[in-house]
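Here is the structure we will look at, set down as structure tokens.
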Amino acid sequence: MQFKGAGILDKEVEISTIGQVEDRLENPEELEVESTIEDEFEKVPEEEIDLIEATLEKEEEKPRHNYKKVIKGAIIALCTLLVLYGGMTVYFMSHYYFGSEINCINVSGKTVDAVEVLMESELQDYTLTLKKRGGEIEQIKAADVGLRYTSYEAFKKLKDSQNPFSWVIACFDAKASKIEVGVSYDEKQLKGKIDNLSCFDNYRIIEPQNPTFQYIENRYVIVDEIPGNKVDKDILYYHVAKALLSKKAEIDLEAINCYIKPQYNSEAPKILEVKDALNKYSSAKITYTIGNSNEILDGSTINKWLMVNQNFEVMIDNKKVQEYIDTLCEKYDTTGRTRSFITSSGETIQIGGGDFGRTISKVKEAESLISDIKEGRKIMKEPAYSQTVFSHGNSDIADTYVEIDMNKQYIWFYKNGSLIVDGDIVTGNVKAGHRTPKGVYSLKYKAKNVVLRGPGYAAPVTFWMPFNGGIGIHDANWRSKFGGSIYKTDGSHGCINCPYKVAKEIYNNIEIGTPVICY
45 MQFKGAGILD
55 KEVEISTIGQ
65 VEDRLENPEE
75 LEVESTIEDE
85 FEKVPEEEID
95 LIEATLEKEE
105 EKPRHNYKKV
115 IKGAIIALCT
125 LLVLYGGMTV
135 YFMSHYYFGS
145 EINCINVSGK
155 TVDAVEVLME
165 SELQDYTLTL
175 KKRGGEIEQI
185 KAADVGLRYT
195 SYEAFKKLKD
205 SQNPFSWVIA
215 CFDAKASKIE
225 VGVSYDEKQL
235 KGKIDNLSCF
245 DNYRIIEPQN
255 PTFQYIENRY
265 VIVDEIPGNK
275 VDKDILYYHV
285 AKALLSKKAE
295 IDLEAINCYI
305 KPQYNSEAPK
315 ILEVKDALNK
325 YSSAKITYTI
335 GNSNEILDGS
345 TINKWLMVNQ
355 NFEVMIDNKK
365 VQEYIDTLCE
375 KYDTTGRTRS
385 FITSSGETIQ
395 IGGGDFGRTI
405 SKVKEAESLI
415 SDIKEGRKIM
425 KEPAYSQTVF
435 SHGNSDIADT
445 YVEIDMNKQY
455 IWFYKNGSLI
465 VDGDIVTGNV
475 KAGHRTPKGV
485 YSLKYKAKNV
495 VLRGPGYAAP
505 VTFWMPFNGG
515 IGIHDANWRS
525 KFGGSIYKTD
535 GSHGCINCPY
545 KVAKEIYNNI
555 EIGTPVICY
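Here my numbering is used: the first residue of the sequence shown is 45, the next is one more, and so on.
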């Protein structure tokens, strides 16, 4: 303690110093009181000593007063918490914890009965939307498929698992208050609902189509595929069932690849390969030379014969090929056809029948033509014939032929326009019914020293030239006369009986295939 001035107590006296003074004053027997200190105290005014003592008493009472306040506050807070805890415990005996969720639906603070009503209402309000191609939609509601929870007991089990005394702990473990309850559907109802969707209405279904090919300006081009709107029912059923179980809100049929697609699109290598084949086939150009005429077959006709089968193979319509060849035959085949013929006497006659002429081989030419088309050939050619003639002009008889006038009983043989031989003849016996048939025939072959046999006869001849089955031109050494009306009652069995000289000249100059005209 330090004093200043004449007995004036300084205001900055430290408490610890005062304490020390007190201790000494209370235990005077232990102190060695110095006279100087006593003298100093005697000099301090009495009111200042009272001030110091009052200050000391307040310092002792202050800690005791604060402690009581803290104790009182703590007791009040504890009681409040106990009341709150007890109240909430009672509340959670019949209500779900805060933060409770069932299938992501907040059921905090609800009773089991209220949750059952809420969950059932949420389920029955559920609708699955099917988004179709073109912006159309269809919907499947919970009631349509008998959608229900697999276990309604799960709601109560969740509540029973929540100890009402542990609600405080639950506030820090929200996951324990969340569950998923599965749903189920009636398969028969679901199948019936899907069957009745408009996307399975036959009148609305557009079948998917592969690319096609069109012949435009002498070339084939690809026509794009048609996607259509046909749905794969099995795929749709699978995704709808899955969506119902998870209560998904929407299914995009396009996104789940539910539509049946065409096998190919317009950029597929197979499609490009087919287009190239079609263009190759249609590029063929066949020029037929028949007589003095030409027939041109090109892509403008060929494209109508081409088709692509379901395996995307280019096919040629055999029926149309045959029809084309039939038109050639009808136009250019001359076998058995009626012809205009100028006789040696200058008369123009019409003569038909017989087996002479050009005949296109339908089978061989069809095979040849198909091969030419597949190779894309550009050629000039004659058709394949089953029977042909010497002449390539419009008149297939031309200027080498045998002419037989049965009324005049006369024969002429021309070769390259020159008369080689002519003479009287005897033709088939009219009375006996062996009249020589009319028509134009071709010489089948020729032979020497042949015995002609028939019912009741055997006739050896030197020159034999058949043209119509067993009917032919030959010499007849048993006859002394030819011509006139002999044929009417004493004619041959149909053959042309000639004098030896006439038969010899014809035999020596005629070739197989030469026309023989009988009229």
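Cβ atoms here follow ideal geometry from the backbone N, Cα and C, with glycine treated the same way.
Proximal residues to residue i (C-beta, below 7 Å), its chain only, five neighbours per side dropped
i, result
"F434", "A442, T444 and G557"
"S310", "P255, I266, D268 and E269"
"V77", "A caution first: V77 carries a pLDDT of 39, below 50, which makes its placement in the model too unreliable to give a value."
"Y551", "K490, F507 and M509"
"E298", "R177"
"V156", "F199, K200 and K203"
"W349", "I360, D361, K364 and V365"
Cβ pair residue i, residue j closer than 8 Å
i, j, result
"A476", "H518", "no"
"T480", "G472", "yes"
"V474", "K532", "yes"
"I448", "V560", "yes"
"C562", "M450", "yes"
"E339", "K175", "no"
"Y229", "P271", "no"
"I279", "I300", "yes"
"P543", "F526", "yes"
"S536", "H478", "yes"
"F244", "V275", "yes"
"V484", "I395", "yes"
Nearest to residue i (by Cα), restricted to the options the options
i, options, result
"I334", "G472, V161, M424 and T506", "M424"
"R192", "G516, E160, K201 and E374", "E160"
"T378", "E294, E419, V407 and S486", "S486"
"Y141", "K201, C215 and C562", "C215"
"Q206", "V189, L350 and F136", "F136"
"C148", "H139, S415, K292 and I181", "K292"
"A503", "R523, D342 and S529", "R523"
"Y308", "P252, C302 and L280", "P252"
"I315", "V284, L297, F356 and D276", "F356"
"K459", "N553, G538 and I393", "N553"
"M359", "K235, E549, Y325 and I395", "Y325"
"I238", "V189, V151 and E411", "V189"
"T133", "D217, V212 and P427", "V212"
"E409", "Y332, E317, Y196 and D245", "Y332"
"K482", "L126, F511 and K375", "F511"
"Y376", "G179, K406 and A198", "K406"
"S389", "R383, W456, N150 and G396", "W456"
"A220", "G143, T173 and I464", "G143"
"V465", "G514, R497 and E549", "E549"
"L234", "A312, K286, S210 and L341", "K286"
"G513", "V494, N493, C539 and T371", "C539"
"E231", "V505, T387 and Y282", "Y282"
"E261", "S344, D440 and D534", "S344"
"N336", "E391, R383, D440 and N246", "D440"
"T387", "V446, T371, D296 and A312", "V446"
Own chain residues within Cβ distance below 6 Å of residue i, not counting five before or after
i, result
"A186", "L167, Q168 and Y170"
"Y264", "F257, K319, L322 and N323"
"E224", "N147"
"E74", "Here the model assigns E74 a pLDDT of 43, short of 50, so the residue's position is not dependable and the matter cannot be decided."
"K422", "K329"
"E555", "none"
"G420", "K324, S327 and A328"
"S412", "A428"
"V495", "A502 and P504"
Supposed contact pair residue j and residue i - C-beta distance, whole angstroms, cut 8 Å
i, j, result
"T403", "Y429", "6 Å"
"E164", "K222", "So it is not a contact: roughly 19 Å between Cβ atoms."
"N521", "I469", "Not confirmed; about 14 Å, so no contact."
"I393", "F385", "6 Å"
"I184", "L172", "5 Å"
Close beta carbons around residue i, own chain, < 8 Å, minus the five adjacent residues each side
i, result
"P72", "Its pLDDT being 43, under 50, P72 is placed unreliably in this model, and the value from its coordinates should be taken loosely. Excluding sequence neighbours, P72 sits near nothing in its chain."
"R248", "S242 and N273"
"N353", "M359"
"I346", "Y325, S326, A328 and I417"
"P306", "P252, Q253, N254, P255, E269, I270, P271 and G272"
"T80", "Residue confidence for T80 is low, a pLDDT of 43 falling below 50, so the modelled location carries little weight and cannot support an answer."
"V227", "L167, L191, R192, Y193, T194, L288, L289 and K291"
"E82", "Confidence at E82 is low in this model, with a pLDDT of 46, below 50, so its placement is unreliable and the value that follows should be read with caution. Closer than 8 Å at the Cβ level, and outside the excluded window around E82, lies no residue."
"E426", "Y332, T333 and I334"
"K492", "T506, F507, W508 and Y551"
### Query
Enumerated in chain order, which unbroken segments of the beta strand (DSSP E) with a length of 3 residues or greater are wholly contained in the stretch 330 to 409?
Fully enclosed beta strand (DSSP E) runs of 3 or longer: 337 to 341, 350 to 352, 358 to 360, 383 to 386 and 392 to 395.
### Query
Which full runs of the alpha helix (DSSP H) of 4+ residues lie inside the stretch 507 to 544, going along the chain?
Positions of the alpha helix (DSSP H) runs, each at least 4 residues long and wholly inside the stretch 507 to 544, are given as 530 to 534 in order along the chain.
### Query
Quick one: complete beta strand (DSSP E) runs, 3+ long, within the stretch 228 to 316?
Runs found: 256 to 260, 263 to 267 and 294 to 296.
### Query
In chain order, which alpha helix (DSSP H) runs of at least 4 residues are fully inside the stretch 200 to 230?
Entirely contained in the stretch 200 to 230, the alpha helix (DSSP H) runs reaching 4 residues are, in chain order, 211 to 214.
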